[in-house]
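With positions in the sequence shown counted from 1, the corresponding number in the working numbering is that position plus 18.
Beta carbons: idealized from backbone N, C-alpha and C, even for Gly.
Accompanying notes for the structure given below.
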Amino acid sequence: MRYTVFVQKPSLRDHALSIWNAGVDAVRGDRLIREMLSIDEDLFSVGDNRIDLGSIENIAVVGGGKACAQMAEAIEELLGSDLMRQKNVIGWVNVPNNCVKELKKIHLHPSRPFGNNEPTQAGVEGSEKILEMVSKLGPNDLCICILSGGGSALLPAPIEGVTLQDKIDVTRNLSAAGASIEELNTVRKHMSRIKGGGLSRTCNAGRLISLIISDVLGDPLDVIASGPTVEDTTTVEDAVGVLEKHGVEVGKELGMRKEEIGKVGDVFKVCNFIIGNIETAVNAAKEKAEEL
């Protein structure tokens with residue numbers, strides 16, 4: 019008796035999914051952390067940069083973004099239980115509610131519901147914890163900041179005189195008017211104590227490294243998550259100009275801010291690293307497409 023075996027060829031849909039998944043997998047937070055960081059005895063390597071862990075007393079991991087739960091978990095795995103105990107590793111990272119899981123040392127804080135890209139009071143509370151944590155670090159400590167897409171909404175810390183609702187209203191109105199992400203973040207930075215380099219200015223650690231997954235074309239460091247660890251080169255006038263351009267009412271929260279806070283000239287002891295970006299994903303998708 020003969021049997022005929024029919025082999026179903028992959029459909030175009032199967033190929034499309036394979037291409038998509040290749041791009042997504044290439045920018046997984048845990049994968050990028052493992053590719054960028056390594057530890058060899060007492061040397062902590064970030065790309066080509068080396069940090070002598072023998073000189074480090076405490077390690078703090080902070081940040082926010084949709085990929086940061088994966089990033090935080092990979093950092094804990096890299097450090098290992100012994101080193102985390104020796105160096106008193108602590109951490110607080112704001113993530114979407116559906117990304118929360120229990121880690122050994124780093125607290126993953128639920129900061130907004132899944133599918134909602136607006137700041138929440140839970141996010142404000144988490145940002146306050148982050149600012150408090152980094153302010154208590156000392157010259158012999160290392161702070162690792164992790165950032166990814168969604169960081170702006172997940173890290174709200176309104177300046178004095180601004181409410182969370184003020185920030186939500188301004189962002190909604192700008193978005194509805196067609197403002198670009200660069201314009202949105204220019205305004206956000208001037209309404210925040212953590213964006214526009216605010217985290218860097220608050221951090222008292224001797225070393226601060228920022229590991230960033232960019233979701234913005236061109237990887238402008240001051241735009242991704244509104245640049246918590248990057249000097250802000252924009253001004254209040256720039257922010258007001260964005261609001262006026264799009265017909266959004268200029269509120270007292272910007273008009274009353276007479277002096278720039280932490281502008282160019284402040285000492286920034288931070289090294290920023292783009293560990294993954296849109297190009298990383300597109301190249302991986304391209305390779306899979308060629309393979310198919």
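Q. In three-state terms, what does DSSP make of Cys117?
A. Within the sequence shown, the letter at position 99 stands for residue 117. It is helical.
**Q.** Residue range of the beta strand (DSSP E) that includes Leu126
**A.** The residue you call residue 126 lines up with position 108 of the sequence shown. Run containing Leu126: 124 to 130, per the beta strand (DSSP E) assignment.
Q.
Taking a contact to mean a Cβ-Cβ separation below 8 Å, would you say Val111 touches Ala90 in this structure?
A. Taking the sequence shown and counting its residues from 1, one reaches residue 111 at position 93. Taking the sequence shown and counting its residues from 1, one reaches residue 90 at position 72. Yes, they are a contact pair.
Q.
On the DSSP letters alone, give me the boundaries of the alpha helix (DSSP H) that Cys86 sits inside.
A. Position 68 of the sequence shown, counted from the start, is the residue given in the question as residue 86. Element bounds for Cys86: 86 to 104.
Q) In three-state terms, what does DSSP make of Ile296? A) Here residue 296 refers to the residue found at position 278 when the sequence shown is read from its first residue. In this structure, Ile296 counts as helix in the three-state DSSP scheme.
(Q) Suppose the cutoff is 8 Å on Cβ atoms and the five residues either side in sequence are ignored; what does the same chain contact list for Glu136 look like? (A) Looking up residue 136 in the sequence shown gives position 118. The answer, listed in chain order, is Arg130, Ala171, Ile186, Thr189, Arg190.
Q: With DSSP collapsed to three states, give me the class of Ile37.
A: Position 19 of the sequence shown, counting from 1, holds the residue named residue 37. If DSSP states are grouped into helix, strand and coil, Ile37 belongs with the helices.
Q) In three-state DSSP terms, what is Asp159? A) Your numbering for residue 159 matches position 141 in the sequence shown. Looking at Asp159 - three-state DSSP - the assignment turns out to be coil, as it is neither helix nor strand.
(Q) For Ala302, which residues in the same chain have their Cβ closer than 6 Å to its Cβ, ignoring the five residues on either side in sequence? (A) Residue numbering aside, residue 302 sits at position 284 when the sequence shown is read from its first letter. Taken in chain order, the residues that qualify are Ala40, Gly41, Ala44.
Q: State the Cα-Cα distance for the pair Ala197 and Ala257, rounded to the nearest angstrom.
A: By 1-based counting over the sequence shown, the position of residue 197 is 179. By 1-based counting over the sequence shown, the position of residue 257 is 239. Each residue's alpha carbon lies about 12 Å from the other.
Q) Taking the DSSP output, what are the residues bridged to Arg68? A) Taking the first residue of the sequence shown as 1, we reach residue 68 at position 50. Beta-bridge pairing links Arg68 to Ser63.
Q | Ile74, DSSP secondary structure in three states | A | On the sequence shown, position 56 is the one that residue 74 refers to. In this structure, Ile74 counts as coil in the three-state DSSP scheme.
Q: Could you check the C-alpha separation between Gly294 and Ser218 for me, to the nearest Å?
A: The sequence position of residue 294 within the sequence shown is 276, counting from 1. The sequence position of residue 218 within the sequence shown is 200, counting from 1. Gly294 and Ser218: Cα-Cα distance of roughly 21 Å.
Q. Who are Asp58's beta bridge partners in DSSP?
A. If you number the sequence shown from 1, residue 58 lands on position 40. Leu61, per the DSSP bridge assignment.
Q: Determine the burial state of Gly283: buried for a count of at least 16 other Cβ atoms within 10 Å of its Cβ, exposed for fewer.
A: The residue labelled residue 283 in the question sits at position 265 within the sequence shown. Legend: pLDDT at Gly283 = 40, less than 50; position of this residue unreliable, no value from coordinates given.
(Q) Here's a check: name, in chain order, each residue in its chain whose Cβ is nearer than 6 Å to the Cβ of Met274, leaving out the five neighbours to either side. (A) Here residue 274 refers to the residue found at position 256 when the sequence shown is read from its first residue. Bear in mind that a pLDDT of 38 at Met274, under 50, signals an unreliable position, so the number given afterwards is only what the model happens to contain. So no residue of the chain qualifies.
Q. Taking buried to mean at least 16 other C-beta atoms within 10 Å of its own C-beta, is Arg225 buried or exposed?
A. Taking the first residue of the sequence shown as 1, we reach residue 225 at position 207. By the 10 Å Cβ count, Arg225 comes out buried.
Q: Evaluate Ser244 with the Cβ neighbour count: other Cβ atoms within 10 Å of its Cβ, from every protein chain shown; 16 or more gives buried, anything less gives exposed.
A: Against the sequence shown, residue 244 aligns to sequence position 226. It counts as buried.
Q | DSSP beta-bridge partners of Leu229 | A | Here residue 229 is taken as the residue at index 211 of the sequence shown, counted from 1. DSSP lists Ile164, Phe291 as partners of Leu229.
Q) What is the DSSP secondary structure of Gly109, reduced to helix, strand or coil? A) Here residue 109 refers to the residue found at position 91 of the sequence shown. If DSSP states are grouped into helix, strand and coil, Gly109 belongs with the strands.
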